[in-house]
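Visitor: The numbering used here numbers the first residue of the sequence shown as 8 and each following residue consecutively.
Beta carbons are placed, not taken as given, at the ideal position from N, Cα and C, and that holds for glycine.
The model shown is predicted, which means the values in this text are computed figures rather than measured ones.
Structure incoming, see below.
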Amino acid sequence: GKTKIVLEKSGWKKVLSCGSYFDENGYLVVTVLDNEGKKQCGIINRSGEIVLPPQYNHIYILGENLFDVSLRVGNENKSILINKDGEEQKLFDDEFDIHLYAEDYIAGELKGRNYIYNKKGEEILKCPSKVKRVEAIEGDLFVYKNSDYEKGVMNLKGEEILRAKYDEIAIYENGFLVRRDSRDDLEFLDKNGEKVLTLDDYDYVAYWGEFGNIGIADDEWCILDDDFKQLNKIEIY
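Listed below in structure tokens is the structure:
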């Protein structure tokens with residue numbers, strides 16, 4: 008319960024906020040008010056030392072030495088990849104439009120085609136033309152959306168695992184949580200796409216990290232076990 012770090016002004020007017028936890032790299036994003044009254048973001052480590060000084064509009068931590076930052080250049084906001092020394096990292100084509108950061112991968116669009124890269128800038132997959140957007144990446148699988156806004160699942164070799172016919176898909180270790188239409192019940196499918204059970208009691212189910220599965224029905228929240236059976240209701244607005 009002892010104080011470890013106190014965030015104090017040091018070259019800026021005021022500390023406004025910080026993230027709620029240090030990430031796996033030991034980094035914490037902090038937001039300050041600079042001497043010109045502008046909000047700026049930076050990063051400190053677990054010792055309270057500055058990793059990136061607060062001078063960016065936003066920061067996404069991509070790895071121990073890779074960050075996506077936005078800063079003001081002239082009259083425009085410019086989004087670039089930098090290292091801990093603030094040096095720009097030219098990992099991708101300038102026209103590559105990044106729209107997803109996953110734990111180990113980055114996905115985006117270049118000239119109408121979706122690509123998946125690792126965080127060294129190495130191409131992992133040039134997605135099949137039917138992939139109009141990569142929605143999520145978990146392990147060696149990713150959820151994609153086609154031109155009809157239907158979602159399916161492929162692996163990182165571009166092989167189809169679940170045909171695109173769902174409104175919602177979440178990848179689990181042992182299968183997939185899907186909804187075929189916004190009015191339909193949630194279903195859990197095994198890795199072969201076969202229905203295991205229907206979750207007709209819940210309006211919404213999701214995996215929330217250390218909490219496990221969370222279910223919501225009629226504005227009541229509950230924690231579910233691995234088989235989606237109710238463990239406990241919690242009163243949360």
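On the DSSP letters alone, give me the boundaries of the beta strand (DSSP E) that V37 sits inside.
Guide: That run of the beta strand (DSSP E) goes Y34 to L40.
Visitor: Could you spell out where the beta strand (DSSP E) holding R79 opens and where it closes?
Guide: L73 to V80 is the extent of the beta strand (DSSP E) around R79.
Visitor: Could you tell me the alpha carbon to alpha carbon distance between V36 and L88, rounded to whole angstroms?
Guide: Roughly 16 Å separates the two Cα atoms.
Visitor: Would you report the Cα separation of F235 and K198, rounded to the nearest angstrom?
Guide: If I take the Cα positions, the gap works out to 17 Å.
Visitor: Starting from the Cα of Y173, find the closest Cα among L59, V141, L184 and V22 and give me that residue.
Guide: When only C-alpha atoms are compared, the closest one is L184.
Visitor: Starting from R170, follow the beta strand (DSSP E) in both directions and report where the run begins and ends.
Guide: Unbroken beta strand (DSSP E) run through R170: E167 to Y173.
Visitor: Hey, G219 and L196 are a contact pair by Cβ (cut 8 Å); roughly how many whole angstroms apart?
Guide: At roughly 19 Å, the Cβ-Cβ gap does not stay under 8 Å, so G219 and L196 are not in contact.
Visitor: Do the segment 135-144 and the segment 114-121 make contact, defined as three or more Cβ pairs closer than 8 Å?
Guide: The segment 135-144 vs the segment 114-121: in contact.
Visitor: Determine the direct distance from the alpha carbon of L69 to that of V22, and round the result to whole angstroms.
Guide: Their Cα atoms are separated by approximately 24 Å.
Visitor: For K139, I'd like the list of residues in its chain whose CB is within less than 8 Å of its CB, leaving aside the five on either flank, ordered along the chain.
Guide: Correct list, in chain order: N121, Y151, K152, N153 and S154.
Visitor: Could you have a look at G216 and say whether DSSP puts it in helix, strand or coil?
Guide: The answer is helix: DSSP assigns G216 an H, G or I state.
Visitor: So with Cβ pairs under 7 Å, would you call D30 a contact of chain C?
Guide: Here there is only one protein chain, and chain C is not present.
Visitor: For Y124 and I131, I'd like the C-alpha separation in whole angstroms.
Guide: If you take the alpha carbons of Y124 and I131, they lie about 5 Å apart.
Visitor: Once you ignore the five residues that flank V80 on each side, which residues in its own chain have a CB closer than 6 Å to its CB?
Guide: So no residue of the chain qualifies.
Visitor: To the nearest angstrom, how far is it from the Cα of C134 to the Cα of L59?
Guide: Going by the C-alpha atoms only, they are around 34 Å apart.
Visitor: Please work out which residues of its chain come closer than 6 Å, Cβ to Cβ, to S189, disregarding the five sequence neighbours upstream and downstream, and give them in chain order.
Guide: The answer, listed in chain order, is D174.
Visitor: Quick check: what's the CA-CA separation for W19 versus K97?
Guide: When rounded, the distance between both Cα atoms is 30 Å.
Visitor: Distance check for A109 and V76, CA to CA, integer angstroms please.
Guide: Rounded to the nearest angstrom, the two C-alpha atoms are 16 Å apart.
Visitor: Could you check the C-alpha separation between A224 and S27 for me, to the nearest Å?
Guide: The straight-line gap from Cα to Cα measures roughly 28 Å.
Visitor: Between which residues of its own chain and G8 is the CB-CB distance below 8 Å, once the five residues before and five after are set aside?
Guide: Here the set comprises nothing.
Visitor: How about D192 and T205: are their beta carbons less than 7 Å apart?
Guide: Result yes, Cβ atoms of D192 and T205 sit closer than 7 Å.
Visitor: Got a sec, what are the start and stop residues for the beta strand (DSSP E) F195 sits in?
Guide: Taken as a continuous stretch (DSSP letters only), the beta strand (DSSP E) holding F195 covers L193 to L196.
Visitor: Using only the alpha-carbon positions, how far apart do S86 and I66 sit?
Guide: Approximately 10 Å, taken between the alpha carbons.
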